[in-house]
Every structure is written in C-alpha cells, then in structure tokens.
Amino acid sequence: MEEILNFWTKELEKQTKDFHKQATQVSQWDQQLIENGNKVFIYIFFIVLLCSHYFFKKKKKKIAALHENVKKVELLQQEIDSNLGYINTQQEELSSLLDQYEKQIKDVFNESNLQQPMQTADTQREKAYGLAESLNSQLDDVNRNLNIMVEEINKMGTTKQSAGDEDDVVGQIVQILNSHLSSLQWIDTHSAKLQNKIQEVSKLHGEVASNVHFH
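Residues 1 to 215 in UniProt numbering are what the sequence shown spells out, letter by letter.
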C-alpha cells in the first residue's frame, strides 16, 4: 500500500512539474504574441499615417492649383463682364446715332437748303462708322478673353478629382462660361443687325446725295 502511495505521489509531482512547465511556456508564447501584435499594430498605424500624409499633401497641392485657376477665371470673368457692359453701351449709342442719322437724311427731302443738313448727316455717319469699328474691336477682345477662359477650364478639367466640391466649382464656372457665350452670341446677332442698318442708312444717304447733286 505504501509503495502505491509513493508511486502516485511521485507521479503527481511529475505531472505537476510538467503542467507548470507547459503553463510557463504558454505564458511566454502569449507574451510574445502580445508584443508582436503591438509591433504589428504600430507598424500598420505608421503605414496608415504615412499614406494619409502623402494623400493629404497631394490633395492640398491640387486644391491649391484649383484655387489658383478659379482666381484666374474670376479675373477673366470680371474683365469679360466689363467688356460686355461697354459693348452694350456702345451698341445703344450706335443705334441712337443711326436713328438720328436716318432721320436727318430723310429730313433732307423736306429742306430747301440741302447743303448744311447733308454735312450734319455726314458727320453722324462717320461717327456711326467709328463706333461700329470700336464695337468690333471690343468683340474681338471678348472673344480672346473667352478663349483664354476656355483654356483655363480645360486645364482644370484635366487635373480635377472626383470630389463633389471640386465638381461643383468647375460646374459653376462652366455655367458662367456658357452664360458669357450666350451673351456674345446675342451681341454678334445684334451687331449684325446694326451693321445692316448702317448699310441701309448709307445707301439712303447715297441716294439723297445723288438727288442733291442732280438738282
């Protein structure tokens, strides 16, 4: 009986030592896993931080470039608005002069002294032609500025990202550009009408002048 108890006691001590040994080893493995896990987490965090910094820096540069292009387009828009306003004023003045010129020519038929009215009509005609030339020059300036604006829009379109804010900015600029183009088309049409009116009045002037010389 004593031998059996001694055997069990020794066997229990052996199993206990083996258990403690395995438990110690498992604890060491667990500690290594924790340390390695922390290292992996720190490494991943560092990689994410670097990527975020890179993309933020790249995004910041593109936003700065977009902002610079927007400023250029805004300046061009102001210049075009100014030109359009000037052109509108010139057209109104030209139209008024043509009306006066046409009236003076028609009044020639009812005047007994024809020389002075014809001189006044000649002066009005020369002024009308001068305004027409100035108007054409202004239209050329507007066309040039619109072409520059189109180039700026195209540059922005090739570099813009998929972000909603940037799309909104470019969309707004495109709307402004379309508005200016519509205004320019209206001005071209109106200018063509004025040019036709100049030709009609000039033709009437020629007929009156021939009639005066004939008499």
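We put the beta carbon where it would ideally sit given N, CA and C, even for glycine.
Would DSSP call residue i helix, strand or coil?
i	result
P117	In this prediction, P117 scores a pLDDT of 47, lower than 50, which makes its location untrustworthy; the coordinate-derived value is nonetheless stated afterwards. Three-state result, P117: helix.
S82	helix
E166	Any reading at E166 must be qualified, since the residue scores a pLDDT of 49, below 50, and its modelled position is unreliable; no value is offered.
K160	Bear in mind that the predicted position of K160 carries a pLDDT of just 48, short of 50, making it unreliable; the figure below should be weighed with that in mind. Three-state result, K160: coil.
Measure the C-alpha to C-alpha separation of residue i and residue j and round it to an integer number of angstroms.
i	j	result
K57	Q28	43 Å
K60	H53	10 Å
L49	F55	10 Å
Q22	I47	37 Å
G164	E92	Confidence at G164 is low in this model, with a pLDDT of 47, below 50, so its placement is unreliable and the value that follows should be read with caution. About 42 Å.
C51	F45	10 Å
F41	T24	26 Å
K17	E11	10 Å
H67	Q32	52 Å
G85	Q78	11 Å
K71	K39	48 Å
T89	S96	11 Å
K14	Y43	43 Å
S82	L75	11 Å
K62	N69	10 Å
V73	A64	14 Å
T9	H20	16 Å
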